[in-house]
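Residues -24 to -1, 1 to 566 (mature numbering (1 follows the signal peptide of the UniProt record, and there is no 0)) are what the sequence shown spells out, left to right.
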Amino acid sequence: MKKGIKAVLLLLVIALLAGMTACAPPEPDKDGEKDETLAENYDFGDPSGWSGNSMAVTDLGDCLLDAYPYDDKYDWGQSILWDEETQSYQMWWCRNSGYDTIWYAESKDLKHWTNAQKLMTVEQDTTWIKMHVGKPSVLKVDGQYIMYFEAPATLLDYEFDNNVLMARSEDGIHWEMYEGDAGEPYPVIRMTDEQMAASMAQYQAQGNGYYGIGQPSALYHDGKYYVYCTYSLEQGDRMYVFTSDDGIHFSEGQRVFDRANCGVKFNTLTQKFMMAYEYTQNGVSRVYYMESDDGIEFTYAGLSDAGKNTDILSTGGGFVRCYPDFISDGHGNVNTHTFYVAYMEGTMADSGQDWRQYSNTWDIHIAAVNPKEFGNRTQVLPDGHVVTQNTIAPYRETHKEYADLLCGIHKLNGGPKVDGTCDDLYGVSETFSVSRAVSDYRAVPNDTTANFRMGYTEQALYIFIEVKDSFMHESDSVFCLIDEKRYAEELSQVTNIELQRNGAVTVSDGDGNPLSNAEVVVKDSAQGYTAEIRMQWRIRTSFAQYEGFGFDCYVFDNRDSKDFKSLIAWNDCHASYDYRKAGEMYFMDK
């Protein structure tokens, strides 16, 4: 009888394993035919043949933000969950937006990310949070989101004395920080007063304090919260784990590994805690994998042995890598035969330079991995398809290369009346989109859009601008830069025109000296506002076909907060306000 029960259970387990696929939403079958590349329709063969001698790793490239196709701001410290309810991936991560800030985005395939928005920033320092918030780790327990994140408590020449704080949310977007009885955000895992004092003493003596306790990686297992943290005090970088029954009051930390910024999750198929860590040997930075039965004792405890590890999750050299972690469900569980790992990847610093030298190249990189237990099983991509030459093609997409715009404009049949309305004379003009989102100046993407039409006579340049803005603010503005010579020999030859929605207008040269060669009218519209400019030529006297001039247009949308405004540009997505980085307009007519 017992043998029969065991046999039935074994068959059920095998059937369950055979049916499990990656946690991405399947696409509908087309024309009534089954898509055999979808994991749910694919024959993975007999489970007895799935085991292999090594891990199977497929590189999937960088995550791409649709809001910033020309992105050059650092992204790191990601926490990515698969949400069963919405059938999508959710990501919280640290992004450079003036300072370290926490952002959010969503994806159906783990590669292409939409709805990017800044969630958490420091607008005013508190006792335990100075300037930066970073490295979020998010769980979803009993329908509520819980975020652990790091912040420095001390800011002098630089920031140090990090601690781990916690916030709660009902939707993953709007967060309330835990305060306890402090009346302000208070850490749930913190340095002791004695450690803080020792850190300050070291700073005063040597110019650097302790990093502290931070870079959390959290999971919820068997009714207990596990938060793995970088623990870097007087003894250097270590990895500690802190546990809690309520997610707020944590035990004393326990050392698990002699390395910082590791990611830990629990694999329900192998029943192992899984850790990803980075280690650089002979100038090559790699992401490694190891396991533990209890979440405390992993395959390796020190780097001298961990460097011999052959279970490598990253591919290729010449990159700096850091902050690896696994994509999981809301409890920090990995429950698919193919799992996914994400880590920061960017250009390796030059020899002898600070490792952050090329931080503007840091992006969140992803890979698909089958552990040895399923090393011979066909891999499943995050979008639900098995890996084939065709299905992996979308994952080969890379960031767009920034390119200056070159466009033509027509001569107008007379000068339009400058009154803030689009005169019929602009009918010969192409409509140019101001749509390159600027990530500098703490700007964030939003729904504000803008376009302009442009034409010329031999006396003046005419520009009609239309801005659509659902959140109107008196200080919303447009900035136009005109370099009549295309490459001005001196700043005085450049004309800058800044206009605000409230009608305020400033016209000056590149040195800031006021000019009087422009007429500007700003007018409210049903969906935002319009602006019309007539700029009398100061320098240009020739209008030969294909001759050109430098031009750029920036649209600034205020949101009553310095950290939640929007800035879009026609050409220079870095909004450098530099005539050398402007696009070019050329004369099309003979």
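Just so it is clear, CB atoms sit at the ideal spot from N, CA and C, and this is done for glycine as well.
Bear in mind that the values here come from a model prediction, so they are computed numbers and not experimental data.
Express the C-alpha separation of residue j and residue i in angstroms, rounding to a whole number.
| i | j | result |
| --- | --- | --- |
| S446 | A43 | 18 Å |
| N29 | L289 | 15 Å |
| A15 | G360 | 6 Å |
| D301 | E254 | 10 Å |
| P128 | M215 | 18 Å |
| N489 | S468 | 8 Å |
| L(-8) | W89 | Residue placement at L(-8) cannot be trusted, given a pLDDT of 43 that sits under 50; the coordinates are not used to answer. |
| I189 | H108 | 14 Å |
| F350 | H313 | 6 Å |
| N17 | R235 | 42 Å |
| T275 | N285 | 9 Å |
| F425 | I441 | Position check: residue 425 holds Thr in this sequence, whereas Phe was assumed. Roughly 11 Å between the two C-alpha positions. |
| P421 | I385 | 29 Å |
| R514 | K499 | 26 Å |
| A277 | V345 | 23 Å |
| K49 | N389 | 44 Å |
| R144 | E60 | 19 Å |
| W338 | P192 | 19 Å |
| E474 | I509 | 11 Å |
| T471 | E560 | 15 Å |
| D133 | W331 | 19 Å |
| K566 | F408 | 22 Å |
| Y432 | T506 | 19 Å |
Relative to the C-alpha of residue i, which residue among the options is closest?
| i | options | result |
| --- | --- | --- |
| S55 | I340, G185, T397, A551 | I340 |
| H101 | P161, G156, Y316, E152 | According to the sequence displayed, residue 101 carries Asp and not His. Nearest option by C-alpha distance: P161. |
| V497 | D487, C398, H449 | C398 |
| S327 | M251, N258, F519, N72 | N258 |
| L401 | S415, A277, L437, D554 | L437 |
| N72 | L86, G53, S83 | G53 |
| I439 | D416, V394, I224, A464 | V394 |
| N478 | N472, M448, D485, H197 | M448 |
| G306 | Y50, V33, D19, Y65 | Y65 |
| E273 | M511, T291, F249 | F249 |
| R353 | D11, S27, E12 | S27 |
| N336 | Y124, E465, S415 | S415 |
| K94 | A419, Y522, Q503, I515 | A419 |
| R462 | I509, F408, I544, Y555 | Y555 |
| Y207 | A194, G199, F233 | F233 |
| I342 | W513, Y319, G159 | Y319 |
| H197 | D548, T244, Q171 | T244 |
| G292 | G322, Y316, A277, A282 | G322 |
| I149 | L131, K387, A81, E155 | A81 |
| E466 | R516, G486, Y186 | G486 |
| S542 | I105, V481, D47, A413 | A413 |
| R297 | S113, P358, A252, Q329 | A252 |
| A545 | V483, S411, E495, Y562 | S411 |
What is the DSSP secondary structure of residue i, counted as helix, strand or coil?
| i | result |
| --- | --- |
| P490 | strand |
| D281 | helix |
| T206 | strand |
| Y44 | coil |
| Q257 | strand |
| G25 | helix |
| R262 | strand |
| D400 | helix |
| R556 | helix |
| M176 | helix |
| S290 | coil |
| E152 | strand |
| D222 | coil |
| A15 | helix |
| Q171 | helix |
| Q247 | coil |
| A181 | helix |
| W268 | According to the sequence as given, residue 268 is Ser; it is not Trp. It is a strand residue. |
| L388 | coil |
| Q469 | helix |
Okay, do the region 534 to 548 and the region 441 to 459 touch, 3+ Cβ pairs below 8 Å being the bar? yes
I'd like the ranges of any beta strand (DSSP E) spanning at least 3 consecutive residues and lying wholly in the region 38 to 86. 51 to 59, 64 to 73, 75 to 83
Just to confirm the assignment: which complete alpha helix (DSSP H) runs, minimum length 4, are found wholly within the region 301 to 384? none
With a cut-off of 8 Å, do at least 3 Cβ pairs link the region 158 to 173 to the region 130 to 150? yes
Please determine if the region 220 to 230 and the region 259 to 267 are in contact, where contact requires at least 3 C-beta pairs separated by less than 8 Å. no
Sufficient close CB pairs (3 or more, under 8 Å) joining the region 226 to 234 to the region 169 to 180: no
Tell me the start and end of each unbroken alpha helix (DSSP H) in the region 404 to 443 that is at least 4 residues and wholly inside, in chain order. none
Decide if the region 83 to 99 is in contact with the region 359 to 376; the criterion is three or more beta carbon pairs, one per stretch, under 8 Å apart. yes
Those runs of the beta strand (DSSP E) which lie wholly inside the region 499 to 546 and span at least 3 residues: 504 to 512, 524 to 533, 542 to 545
Let me know the beta strand (DSSP E) ranges lying completely inside the region 100 to 143, each 3 residues or longer, listed in chain order. 110 to 117, 120 to 131
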